[in-house]
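Working notes, beginning with the structure itself.
Chains as they are written, first to last, in our numbering: chain E, 39 to 265; chain H, 39 to 265; chain R, 1089 to 1311; chain Y, 1089 to 1311.
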């Protein structure tokens, strides 16, 4: 499957997790795509940690507002029902549990729900930005990523080796190959991707997966089309 | 001296302590009078702990704003350069040391600068309101009161017997009889009132007073007239 | 997303023993209609968190008049003579909190903090039972967050998304309480279409508000 | 009370080794004119506190370009390639702080708190060297306040009393930094007469602002 298709499959599946009216923070990269695949009738309120609620569509070229960017630094717009606030308030919203769902990428996730996504040892350090607060504070943490690294090595591991973003906070992992729930007793394989086998998921996953007893649902076929 | 004159004498002397541009919080009662006796050329910014800066003059009857009261519950007005904020911000301003001077009454002050002004044991409890924060947070705490109780007993004592408002926070005590500075080694008598003797001050004060070596200045004669 | 309804409907889910935060300072910025609806509902053994306890027959005071309270966190009970008596008799448990600490405790709950260190109250009765922590030679009290089941908020204006704007010192405890309760009910003077309030001027984001009640309609309809 | 002056005059008192807070998020809401004045002044060994460290040749990044920094508290250095190198070489001490913790530390300093308990960073490198406190079975980090000698603020509008209004997400760290430094310098797009900004709409009270600099005049005059 092409890279782009994998990403779309993940974004589309994540979008199905979001409920109407939810406050959602989407991380940079793949998670940003999720907004394009919301099911019919589902409208969410996007939180931008640099200080506003109600992210609108990307402004047309030439119509950018110098005072409006998203948390990734790209020009942004704000909806008519949006609102702006300072950084202390923005993180009060995050840490106080007022963001229903945060969707982020990962370098590693482990079977305890530990997440590493901000620093690769030996590589250039960039900083955690708001990621630690988001993963700790949001009611639900969804990891949206490709199942394996470019070299084919697993990203879902027994125990994270890279510096953690937060401890035991991940709730759900959605990849191009599988949907996996993190519970206190381990990782539950809930769904597998279209044209993927359970054996493939197991072989691409370093952590132990708890398998369903009966039929395993397949995702990637349905889901709303890009709007 | 008549009750009213005593209060005016205290208010006038307190007003001389305030510098141009200072942020000041005036307590209910006698301290409120201070705003009427500011020296020529001195303009202060009044903070109201219920959520605004820039208290203006008392509104005319019939011109009250239902959303504007002072911290004592009386109708208030706000100056054109004033601003409003919530209670968390109001007390961040107080506790953060952004109020230069707070002026309050006292039931008891002692030689360590301890203050008791919110609760008389055995009498009806009303609560400390914002007094504890004001006395702890303001850069300078001035106690403005009559020197003795109605029964003639001293209010400036060796050690407070009533529940404290704050510990070792009082900087200056201004009464109808004296101006007294609180230092770590005790109470310094700085000035005495017109027609008052040092002996009278000493006999009306339970705490030990450290006397000046030379001439003691007299207050109450000068000071600006009511405006 | 805020649901527009009457005060009566808004307080429906409040039951005996619940905790309710109520905005206002000496009755300015107090949601009168919501308090009245709670009186009419007659629910009792409530815990109330509020700056002060209002006056006899007015605002929060009414809940005391009708003996609906079990416990109160507040900074000032001086406006209502019955409180001191209740404190003595133990009929109502009154926990007096310095006003700045009360505001910060509510903010901390809404902001997901486990507590904060304040210099206010050190060496006073407000320190009783609290942990003291010394940082760089200064002693602070460790104060814990304070949240509630329900918050009663009074705002000047709301848009239909629940974004709120307050007027003058009627703001006081309202914006912080809006962040610190499971259910937030806002009584407002007017409800305007989305787009009327500029995003920069919103003081409480609509995501915090569950129910919107128009004060004037309420007064007309329900009484 | 705010004094209206040029950026050059405003930064006059800043000397080697001082700490400076600078508002902005990826250069939105960063006071460019004040940073530029600091570059022109050439003062070095500064400690900077800012959300991020800007970009090469832009905003806060310029202070790194001109090697004026000794220490930085920030949540993100990814926009400026020189930072990682400096971190490794030890040329600049970079203290990475989770963004929400950084914001709250600045607020705590301005609000007179001795610290606060946050769940963010527990079990990560952000917990290193910090005290952990457990409240009702949840573990928190005790974070301390963060203040500075000077704060550089960027606002949209000021009145002549120094009351400030911000626009959109250019607000970010500016209002909290305005409360947490000994000297506060605000660069604004326009200065309006008192009375133009309604008291309800003021986002930073004028009492916090020491110097007001008009960004556009600055750009015209000094360069």
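Beta carbons: idealized from backbone N, C-alpha and C, even for Gly.
Only a predicted model underlies this, so the values are computations on that prediction, with no experimental measurement involved.
Closer than 9 Å to chain R by CB, residue i
i: residue 81 of chain H; result: no
i: residue 181 of chain H; result: no
i: residue 107 of chain E; result: no
i: residue 141 of chain E; result: no
i: residue 1148 of chain Y; result: no
i: residue 1296 of chain Y; result: no
Close beta carbons around residue i, own chain, < 8 Å, minus the five adjacent residues each side
i: residue 240 of chain H; result: 247
i: residue 1180 of chain R; result: 1152, 1157, 1158, 1159, 1160, 1171, 1174
i: residue 261 of chain E; result: Confidence at residue 261 of chain E is low in this model, with a pLDDT of 42, below 50, so its placement is unreliable and the value that follows should be read with caution. The answer, listed in chain order, is 50, 51, 53, 54, 75, 77.
i: residue 236 of chain H; result: 227, 230, 249, 254
i: residue 107 of chain E; result: 88, 113, 114
i: residue 265 of chain H; result: Caution is warranted here: a pLDDT of 34 is assigned to residue 265 of chain H, below 50, making its placement in the model unreliable, and the coordinate value is therefore given only provisionally. Hits under 8 Å: 74, 75, 76.
Best match in the options for proximity to residue i [C-alpha to C-alpha]
i: residue 1212 of chain R; options: H/152, H/164, H/162; result: H/152
i: residue 43 of chain H; options: H/168, H/142, H/183; result: H/183
i: residue 250 of chain H; options: H/65, H/257, H/242, H/229; result: H/229
i: residue 1119 of chain Y; options: Y/1239, Y/1235, Y/1219, Y/1210; result: Y/1239
i: residue 171 of chain H; options: R/1267, R/1207, R/1144, R/1273; result: R/1207
i: residue 190 of chain E; options: E/238, E/202, E/143; result: E/238
i: residue 1257 of chain R; options: H/196, H/200, H/114, H/234; result: H/114
i: residue 1133 of chain Y; options: Y/1233, Y/1103, Y/1145, Y/1114; result: Y/1103
i: residue 1242 of chain R; options: R/1219, R/1273, R/1230; result: R/1273
i: residue 71 of chain H; options: H/220, H/194, H/84; result: H/84
i: residue 178 of chain H; options: H/213, H/99, H/167, H/57; result: H/57
i: residue 1162 of chain Y; options: Y/1148, Y/1155, Y/1098; result: Y/1148
i: residue 1222 of chain R; options: Y/1201, Y/1127, Y/1107, Y/1109; result: Y/1201
i: residue 221 of chain H; options: H/150, H/105, H/39; result: H/150
i: residue 128 of chain E; options: Y/1246, Y/1128, Y/1113, Y/1278; result: Y/1113
Residues of its chain near residue i, where Cβ-Cβ distance is below 6 Å and the 5 sequence neighbours each way are ignored
i: residue 1095 of chain R; result: 1121, 1122, 1125, 1301, 1306
i: residue 1261 of chain Y; result: 1111, 1139
i: residue 1093 of chain R; result: 1299
i: residue 41 of chain H; result: none
Proximity below 9 Å, CB of residue i to CB of residue j
i: residue 1168 of chain R; j: residue 1130 of chain R; result: no
i: residue 293 of chain E; j: residue 245 of chain E; result: Past the boundaries of the shown model lies residue 293 of chain E; chain E is included only from 39 to 265, so the question cannot be answered.
i: residue 163 of chain H; j: residue 1165 of chain R; result: yes
i: residue 137 of chain H; j: residue 80 of chain H; result: no
i: residue 1227 of chain Y; j: residue 1210 of chain Y; result: yes
i: residue 181 of chain E; j: residue 158 of chain E; result: no
i: residue 1229 of chain Y; j: residue 1297 of chain Y; result: no
i: residue 94 of chain H; j: residue 66 of chain H; result: no
i: residue 1231 of chain Y; j: residue 1192 of chain Y; result: yes
i: residue 1249 of chain Y; j: residue 1294 of chain Y; result: yes
i: residue 69 of chain E; j: residue 145 of chain E; result: no
i: residue 126 of chain E; j: residue 1183 of chain Y; result: no
i: residue 140 of chain H; j: residue 176 of chain H; result: yes
i: residue 256 of chain H; j: residue 225 of chain H; result: no
Residue-level contact to chain E via CB, residue i, 9 Å cutoff
i: residue 1177 of chain Y; result: no
i: residue 1225 of chain R; result: no
i: residue 1263 of chain Y; result: yes
i: residue 1162 of chain Y; result: yes
7 Å CB neighbourhood of residue i in its chain, flanking five on each side removed
i: residue 119 of chain H; result: 92
i: residue 122 of chain H; result: 89, 90
i: residue 204 of chain E; result: 153, 170, 173, 174
i: residue 1116 of chain R; result: 1257, 1258
i: residue 1196 of chain R; result: 1203, 1204, 1233
CB contact below 9 Å: residue i versus chain H
i: residue 1113 of chain R; result: yes
i: residue 1107 of chain Y; result: no
i: residue 1237 of chain R; result: no
Any chain Y beta carbon closer than 9 Å to residue i
i: residue 1309 of chain R; result: Low confidence applies here, because residue 1309 of chain R scores a pLDDT of 39, under 50, leaving its location unreliable and the question unanswered by this model.
i: residue 175 of chain E; result: yes
i: residue 57 of chain E; result: no
Any non-hydrogen atom of the ligand SAH within 8 Å of residue i CB
i: residue 58 of chain E; result: As for the ligand SAH, it is missing from this structure, which has no ligand bound.
Using Cβ-Cβ distances below 7 Å, what residues of the segment 144–172 of chain H are close to chain R? 162, 163, 164, 165, 166, 167, 168, 170, 171
Pull out every residue of the segment 1277–1294 of chain Y whose Cβ sits closer than 9 Å to any Cβ of chain R, in chain order. 1287, 1288, 1289, 1291
Cβ-based contacts, 8 Å cut-off: residues of the segment 1188–1210 of chain R near chain Y: From the segment 1188–1210 of chain R, only 1192, 1196, 1199, 1200, 1201, 1202, 1203, 1204, 1205, 1206, 1207 have a Cβ closer than 8 Å to chain Y.
Taking Cβ-Cβ distances below 9 Å as the criterion, which residues of the segment 106–136 of chain E are in contact with chain R? 116, 117, 118, 119, 120, 121, 122, 123, 126, 127, 129, 130, 131, 132, 133, 134, 135, 136
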